[in-house]
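Asker: Residue numbers (the working numbering): 362 to 436. Please find one structure pasted underneath; my questions will follow.
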């Protein structure tokens with residue numbers, strides 16, 4: 362999928378929940394930054410989140426941080 366995104370073939374990625382995209386905070390943020398840099402829209406099927414703009418990026422950071430905390434507590 363990454364290859365298709367960077368070739369410009371993909372313009373929208375739909376995820377079940379944002380934390381399914383990545384479990385580690387930094388990894389998730391890096392993926393979103395890369396994809397947004399390619400003008401890819403990321404849509405969460407179960408969360409009402411607009412990831413476009415500063416507020417969307419802050420919300421994404423919080424959700425990825427919570428996913429990482431959850432991952433650490435389930436180990």
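C-beta: ideal position from N, C-alpha, C; glycine also.
Tell me which residues share the same chain as residue 384 and place their Cβ nearer than 6 Å to its Cβ, disregarding the 5 neighbours each side in the sequence.
Answerer: If we look at residue 384 and ignore the five residues flanking it on each side, its Cβ neighbours are 428 and 432.
Asker: Report all residues from its chain with a CB closer than 8 Å to the CB of residue 401; omit the five preceding and five following residues, and keep chain order.
Answerer: Counting only Cβ-Cβ distances below 8 Å, and skipping sequence neighbours, we find 366, 371, 372, 373 and 374.
Asker: Consult DSSP for residue 371 and reduce its assignment to one of helix, strand or coil.
Answerer: In the structure shown, residue 371 sits in coil (DSSP, three-state: anything other than H, G, I, E or B).
Asker: Straight-line CA distance for residue 415 to residue 436?
Answerer: The alpha-carbon atoms of residue 415 and residue 436 are separated by roughly 32 Å.
Asker: I'd like the ranges of any beta strand (DSSP E) spanning at least 3 consecutive residues and lying wholly in the region 362 to 415.
Answerer: Runs found: 373 to 376 and 402 to 405.
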